[in-house]
Amino acid sequence: MEFIDTHYHLFDERFQFDYSEVLEEDCKAGVTRMVLPAIDSHSHERLLHLASLFPGTCYAAMGFHPTSITEGVSIKEELDRVAHYLSCPPVPFVAVGEIGLDFYWSREFIEQQKEVLACQFDLSIQHDLPVLLHTRDAYGAMIDMVSGYPDLKGIFHGFSGTMEDYKNLSKTGRFLFGIGGVVTFKNSSLPAIVKEMSLEHIVLETDAPYLAPVPYRGQRNQAKYIPLIAEKIAQIKGISVEEVAMVTTRNAKSLLNLT
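Residue numbers for the sequence shown follow this note's numbering, beginning at 117 and rising by one.
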C-alpha cells in the first residue's frame, strides 16, 4: 500500500537531529510522499533544504501561517517573500500553504488575517496552485471568504468543522478534507463526520510533530503513523485499509499534481 501525508512539518526543530532516520521509517511504513507546508520566514530555509534534499519524497508548499501574524511582525515582508518564492521557486511548489484563519489563540488580528489570506488566495490563483487551509474557530468566516473565489481549490487541513460545514464545502467540488490523528481520539466528534464523508473527499495527514494518533497520543508524531489513521477510517466506514490507501492517495496525487 502507498500512502501520502499531505501535511507534515518535518522541518520542525523537533526533527532537526534525526530527520533522515525519521524519513526512512516513514518510507518503510509505506508513506512514500509527504507535503511540507510553510509557516513563516523563520523556517523557510529548513523546509526548502529538505525539499531539495529529498526530491520526489518531500514536496514543498509556500505560505504565511495566520498565527504568525503578531505584534512586531512585518506582514508585508512575509507576503513579499512568499510571492517571490512562488514566482522564482528554488524547489517545485505543489501548494500555497499553510494559510488560513485562526481565531482560537487571539482575535486581535482578525482583519489582518483576512487580508493576508485574500492576498494568498490571489497568489494561488495566479500560480494555479491549490491551497492548504488552516481553520480554527473560524469556519463561518472561512466559508464566506472561499465563496468569493470560485477558482480556488485545495485542502481543509485538519478538518474540524461541523457536518454542515463539510456538506456546504463539499458541494463546490473544489476542496478535499485532511483527516489526521484526531480521528483516533476517544472523545473526538470527527468519526461521526468521517462516517458520512465520501472517501473521494478525504486525504490523510499527520500535522507532525503534533497530534499523534492513539496509541501514541502525546508523543512526537511522524508520517509512519499514517497507516493507523487509515485503519481507523477503514473501521469507521466499514471498508478495507487498502481501499482507503488507494483512494486517498489518488485524491492527493490528483489535487497536488504529485508525480
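For every residue, glycine included, the Cβ atom is placed at its ideal position computed from N, Cα and C.
Fair warning: this is a prediction, and the values are worked out from it, not measured in the lab.
- Query: Where does LYS340 land, buried or exposed, given buried means 16+ other C-beta within 10 angstroms?
  - Reply: Along the sequence shown, read from residue 1 onward, the residue named residue 340 stands at position 224. Buried, since its Cβ has 16 or more Cβ neighbours within 10 Å.
- Task: Count the other CB atoms, across all protein chains shown, that sit within 10 Å of the CB of LEU126; report buried if there are 16 or more and exposed otherwise.
- Result: What you label residue 126 is simply residue 10 of the sequence shown in a count that begins at 1. Buried is the call here.
- Query: Counting pairs of Cβ atoms below 8 Å between the stretch 294-302 and the stretch 228-247, do you hit three or more?
  - Reply: no
- Which same chain residues, not among the five before or five after THR71, have their C-beta less than 6 Å away from its C-beta? No information on residue 71 is available, as it lies outside the stretch 117 to 375 that the chain covers here.
- Message: Mapping the DSSP letters down to three states, classify CYS143 as helix, strand or coil.
- Response: To locate residue 143, count along the sequence shown from 1; it is residue 27. Three-state result, CYS143: helix.
- Message: Taking its Cβ as the centre, do 16 or more other Cβ atoms sit within 10 Å of HIS158, making it buried, or is it exposed?
- Response: In the sequence shown, counting from the first residue as 1, residue 158 sits at position 42. With fewer than 16 other Cβ atoms within 10 Å, it is exposed.
- Item | Contiguous beta strand (DSSP E) assignments of at least 3 residues, all confined to the stretch 261-295 | 270-272, 291-295
- Query: For TYR175, which three-state DSSP category applies?
  - Reply: Numbered from its first residue, the sequence shown carries residue 175 at position 59. Residue state, collapsed to three classes: strand.
- Message: My parser needs the alpha helix (DSSP H) runs of 4 or more residues fully inside the stretch 196-242; what are they?
- Response: 226-242
- Extent of the continuous alpha helix (DSSP H) run through THR365: Taking the first residue of the sequence shown as position 1, residue 365 is located at position 249. It spans 357-372 - the alpha helix (DSSP H) in which THR365 sits, taken as one unbroken run.
- Message: Would you say the beta carbon of PRO343 is closer than 7 Å to some non-hydrogen atom of the ligand MN?
- Response: This structure lacks the ligand MN; in fact it carries no ligand of any kind.
- Counting only the same chain and skipping the five closest in sequence on each side, list residues whose C-beta sits under 8 Å from that of THR173. By one-based count along the sequence shown, residue 173 stands at place 57. Counting only Cβ-Cβ distances below 8 Å, and skipping sequence neighbours, we find LEU139, CYS143, THR148, ARG149, MET150.
- Taking Cβ positions, are ILE215 and LEU233 nearer each other than 8 Å? Locating residue 215 in the sequence shown gives position 99, where the first residue counts as 1. Locating residue 233 in the sequence shown gives position 117, where the first residue counts as 1. Yes.
- Query: Per DSSP, ARG149 is paired with what?
  - Reply: Stepping through the sequence shown from its first residue, residue 149 is reached at position 33. For ARG149, which the question treats as bridged, DSSP gives the partners ILE120.
- Query: If you compare alpha carbons, which of GLU312, GLN229, MET117, ILE155 is closest to GLY146?
  - Reply: Your numbering for residue 146 matches position 30 in the sequence shown. Measuring C-alpha to C-alpha distances from GLY146 to each of GLU312, GLN229, MET117, ILE155 identifies MET117 as the nearest.
- CA-to-CA distance, GLY213 to ASN373, given in whole angstroms: Start at 1 with the first residue of the sequence shown, and residue 373 comes out as number 257. Start at 1 with the first residue of the sequence shown, and residue 213 comes out as number 97. So the two alpha carbons sit approximately 15 Å from each other.
- Quick one: what's LEU320 bridged to in DSSP? In the sequence shown, residue 320 corresponds to position 204, counting from 1. Bridge partners of LEU320: ILE295.
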